[in-house]
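Note that UniProt numbering numbers the sequence shown so that position 324 is 324, with each residue one more than the last.
Structure record follows, encoded as structure tokens.
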Amino acid sequence: MEESEGKAVQIFSYRFWDEDPVLAQSRAMYLKVVVGGIVMITLTIWSMLPIYWGASWKPGVQLHKLHGWIVDFDGGMVGQAVTQAFSSATGLPTQITWQTIDPARFPNGVSDVYSFCFVVIPNATHTLQQAVASRDSSYNGSLIITAYGTEARNENGYRAFLSPITQGILQQVSLRFALQFTQQLASSGVNITSLAAIAPSTIVQPIGYTMDNVRPFDVPVASAVDLVGLIYLIILSFIASMINCAARETVSGIDRLLTLRSLLLVRVLSPLAMYFFISLSYSLVSLAFQVPFSRTLAHAGFFVYWMLSWMSMSALGLACESILTLLTQRFIAFFLFPWIISNVSVCSLPIEALPGVFRYGYAVPFYNVSKAVRTIVFGTKNELGLNFGVQFAWISVSCITLTLFQIWRRRRMVQQAGERMRVQGSSEK
């Protein structure tokens, strides 16, 4: 039995809606917390989830922010036809912005052309005319036009927008040009029937196209590394922060014994040490499932990925560690949720195709980890220095804010301890 306000309280003996005054007080406190939690979660839903929903809602209306290149190495009627077709398929918000690029920028020809997405037109007109003149039965119109793309930069954007739109325009060009070219040959006195019998491809498909996926996303398990796995990484760093907090405050009470400087060192160095070993285990899981880390950086690939995981875990985890000082264990979950949402929202589709508010994505840890992983695994554009730099920046900001928040909290704890001592002293008198 327990005593409360002079009345015996029978533990484990009440039903939830009993009218006992002690139970009523406890029930009111319980319902207050639960209802308050519902309100806070609802506010979090409506303030945070629209960020992710907004990134996935109508992504096609921002396609004009994606840029493609048209490089005409031909200069003849084929090049003009393709250039005109792509130039007329631009200008609207739902269309990719196609730019005609001077081929003089590529002195080594097609070998120099490896960018985001564009169409390269080699010496097409002369090849076609020669095939007609010689009635070349081996003529292959699909070699006339080549469209280059890099799926590994963003497989969702490539599959949803880039490849379908490019192929749609090229198919229209191919059909339209075949009709016009046949009419042109007929008007110039060429025996169409004879030509179609000997070299049918010069009539049926005088120009076609080939899609050259320069960097294919050919490692399906990599999606667990460059996006979904990052969510697990932030959860692991959050768990590490909670373990540190429990060890520091609840179990040992060491936070009340250490000087401010010693406490700050513990709060920074202890998580970093934990992240070092946790990130190694996390990285080894990907290695166990044969993610090819050695494609671009040879044997250093796995080590770079491990260091990237360590730094990103530190960037994500120290932010939780810093905010934990303010929100405490009771409310830190309300930081974790928006922290995940704000990072994930900018990784599924190209940021260029998202509304302008999502430009913040260039500076968040997830986006830069995803870009770095694509460089290591698929050999996309190497910006590892920038990607690591963003992680270092977040670590630095978290260390600064953690210091400021801990100074504020220590002063508050000192004031509270002083007040308790004064109250205790006055009561003893």
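Ideal Cβ placement from N, Cα and C applies to all residues, glycine included.
Only residues of its own chain outside the window of five on either side were considered, and among them Tyr139, Asn140, Gly141 have a CB closer than 7 Å to the CB of Ser201, listed in chain order. In the DSSP assignment, Gln25 falls within the unbroken alpha helix (DSSP H) covering 21-56. Restricting attention to Met242, Thr150, Leu179, the CA atom closest to the CA of Pro216 is found in Thr150. Counting along the chain, the unbroken alpha helix (DSSP H) around Val204 starts and ends at 201-204. For Leu63, the closest alpha carbon among the candidates Arg256, Phe161, Leu386, Val221 is that of Phe161. Judged by pairs of C-beta atoms under 8 Å, the stretch 356-371 does not touch the stretch 291-298, as fewer than three such pairs exist. In the DSSP assignment, Met211 forms a beta bridge with Ala147.
Phe392 counts as exposed, since fewer than 16 other C-beta atoms from the protein chains shown sit within 10 angstroms of its C-beta.
Separation of Ile45 and Tyr52 (C-alpha to C-alpha, rounded to the nearest whole angstrom) is 11 Å. Look at the stretch 344-385 and you find no whole run of beta strand (DSSP E) that is 3 residues long or longer. If you draw a straight line from the Cα of Leu31 to the Cα of Tyr158, it is about 50 Å long.
Judged by their CB atoms, Ala178 and Val204 are nearer to each other than the 8 Å cut-off. Note on Lys371: 16 or more other CB atoms within 10 angstroms of its CB, so buried under the neighbour-count rule. For Trp306, same chain residues with a beta-carbon under 7 Å away, outside a window of 5 residues either side, are Ser279, Leu280, Ser283 in chain order.
Straight-line spacing of the CA atoms in Pro59 and Ala353 works out to 6 Å. For Ile70, the CB contacts under 8 Å within the same chain, skipping 5 residues up- and downstream, are Val82, Thr83, Phe86, Ser87, Trp98, Gln99, Thr100, Ile101, Phe118, Val119, Ile121 in chain order.
Nearest to Ser174 by C-alpha distance, out of Gly79, Cys245, Arg267, is Gly79. Judged by DSSP secondary structure, Gln80 falls within the alpha helix (DSSP H) whose first and last residues are 77-88.
Listed in chain order, the non-local C-beta contacts of Ile198 below 8 Å within the same chain comprise Arg135, Ser137, local neighbours out to five positions each way being set aside.
Scanning Arg409, Gly54, Gln180, Pro164 for the CA closest to the CA of Ser345 turns up Gly54. Annotation for Phe181: Pro206 place their beta carbon closer than 6 Å to its own, counting only its chain and skipping 5 residues before and after. With 16 or more neighbouring CB atoms inside 10 Å of its own CB, Asp72 falls in the buried class. Counting along the chain, the unbroken alpha helix (DSSP H) around Ala319 starts and ends at 300-331.
Excluding its 5 nearest sequence neighbours in each direction, Ser237 has C-beta neighbours in its own chain below 6 Å: Met313, Leu316, Gly317, listed in chain order.
If you draw a 10 Å sphere on the C-beta of Ala131, you find 16 or more other C-beta atoms in it, and that means buried. In its chain, beyond the 5 residues on either side, Ala315, Ala319, Pro365 have a beta carbon closer than 7 Å to the beta carbon of Trp394. In this structure, Ile340 lies near Ile231, with their beta-carbon atoms less than 8 Å apart. When Cβ pairs closer than 8 Å are counted between the two stretches, the stretch 328-335 is seen not to touch the stretch 255-263, the count staying below three. DSSP places Pro271 in the uninterrupted alpha helix (DSSP H) bounded by 260-288. DSSP places Ser252 outside any alpha helix (DSSP H), giving it a letter other than H or E. Boundaries of the alpha helix (DSSP H) around Arg176: 163-187.
Secondary structure at Val225: helix, using DSSP grouped into helix, strand and coil. The distance from the Cβ of Val285 to that of Val377 is about 15 Å, inconsistent with a contact at the 8 Å cut-off.
Trp408 counts as exposed, since fewer than 16 other beta carbons sit within 10 angstroms of its beta carbon. With a 10 Å radius around the Cβ and a threshold of 16 neighbouring Cβ atoms, Met274 comes out buried.
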